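The sequence shown runs 2 to 168 under the working numbering.
Backbone N, C-alpha and C define an ideal beta-carbon position, used for all residues, glycine too.
Keep in mind the model is a prediction, meaning the values are calculated, not measured.
Step one of this worksheet: look at the structure below.
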Amino acid sequence: MASNSSTSKPLLSVVDEIQNQVLANYADKIFETEFWKPLIPIKAKMFEKLNTTDFQFEIDDDIILDTSGLLKRHFFAKGTIHVEEKENIASNGKIWDVEISLNEPLAIVKVRIRARDIVEKKKLKIGIFIQTMNFDDNLIDGVGRDAILFAIRFYIRKAIQIAAKIN
2 MASNSSTSKP LLSVVDEIQN QVLANYADKI FETEFWKPLI PIKAKMFEKL NTTDFQFEID
62 DDIILDTSGL LKRHFFAKGT IHVEEKENIA SNGKIWDVEI SLNEPLAIVK VRIRARDIVE
122 KKKLKIGIFI QTMNFDDNLI DGVGRDAILF AIRFYIRKAI QIAAKIN
């Protein structure tokens with residue numbers, strides 16, 4: 002398995018603010034299947050809860066790998082998601098560590114999600130940080146790591162847009 006990790010800073014950071022939303026709309030639901038389903042911006046053939054902190058999924062969709070939207074790869078994956086809530090941060094926010102493991106193709110991605118209310122602006126600030134990515138070279142199938150990171154950023158931004166419309 003190829004290691005594509007970074008020890009000091011995240012491989013990818015996406016920070017955004019969601020207007021007219023508050024952390025309470027999301028924090029209590031992050032361990033529920035119905036929370037995740039609308040936020041998955043690619044076709045999930047299956048997404049279900051295994052236990053309190055774990056989910057399993059199956060994805061079957063075309064993934065956009067470039068800014069023009071012309072470079073696409075069909076992507077089929079099965080795997081699990083483990084969500085662990087960390088201690089509240091000083092700014093009355095929340096932190097979750099998420100590990101996404103693919104069995105087909107083999108890959109492990111570790112993500113940290115931080116969220117906090119910006120009360121004076123009536124916004125929810127959310128940061129999604131890809132800490133590490135380890136994957137079988139067959140996953141990229143001739144596509145470079147930058148294309149994979151582009152796809153991840155693109156779909157995270159899409160998920161944040163979807164989240165902004167929830168509630």
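Reduced DSSP category for residue i - H, G, I as helix; E, B as strand; rest coil
i, result
"Thr68", "coil"
"Ser7", "Low local confidence applies: a pLDDT of 46 at Ser7 is under 50, so the model's placement there is unreliable, and no value is given."
"Glu33", "coil"
"Lys44", "coil"
"Ile129", "strand"
"Glu100", "strand"
"Lys166", "helix"
"Lys123", "coil"
"Glu79", "Checking the sequence shown, residue 79 turns out to be Lys, not Glu. In the structure shown, Lys79 sits in a strand (DSSP, three-state: E or B)."
Neighbour-count burial assignment, residue i, 16 or more Cβ in a 10 Å radius
i, result
"Leu71", "exposed"
"Ile153", "buried"
"Ile167", "exposed"
"Val16", "exposed"
"Val112", "buried"
"Ser7", "Because Ser7 carries a pLDDT of 46, less than 50, the predicted location of this residue cannot be relied on, and no value is offered for it."
"Ala160", "buried"
"Met134", "buried"
Residue nearest to residue i in terms of C-alpha spacing, selected from the options
i, options, result
"Glu10", "Phe130, Ala148, Val84, Arg158", "Reading off the sequence shown, one finds Lys at residue 10, where the question assumed Glu. Closest by alpha carbon: Phe130."
"Ile31", "Thr133, Gly145, Arg115", "Arg115"
"Ile109", "Ile96, Val120, Ala78", "Ala78"
"Thr54", "Glu105, Asp63, Gly94, Thr34", "Thr34"
"Tyr156", "Pro106, Phe48, Ile65, Asn93", "Ile65"
"Lys95", "Gln20, Gly128, Gly145", "Gly128"
Cutoff 7 angstroms; reference residue i; Cβ partners in own chain excluding five residues on either side
i, result
"Leu150", "Leu12, Leu13"
"Ile163", "Pro39, Leu40, Pro42"
"Ser102", "Gly80, Thr81, Ile109"
"Trp97", "Ile31, Val84, Glu85, Glu86, Lys87, Ile114"
"Glu100", "His83, Ile109, Lys111"
Own chain, CB closer than 8 angstroms to residue i, minus 5 neighbours either side, in chain order
i, result
"Val23", "Asp118, Leu125"
"Phe36", "Tyr27, Lys30"
Close-in-space but distant-in-sequence residues of the same chain around residue i (CB under 6 angstroms, 5 per side omitted)
i, result
"Lys46", "Glu59, Asp61"
Review point. When the Cβ atoms of the segment 26 to 44 are set against those of the segment 55 to 67, are three or more pairs found closer than 8 angstroms?
Key: yes
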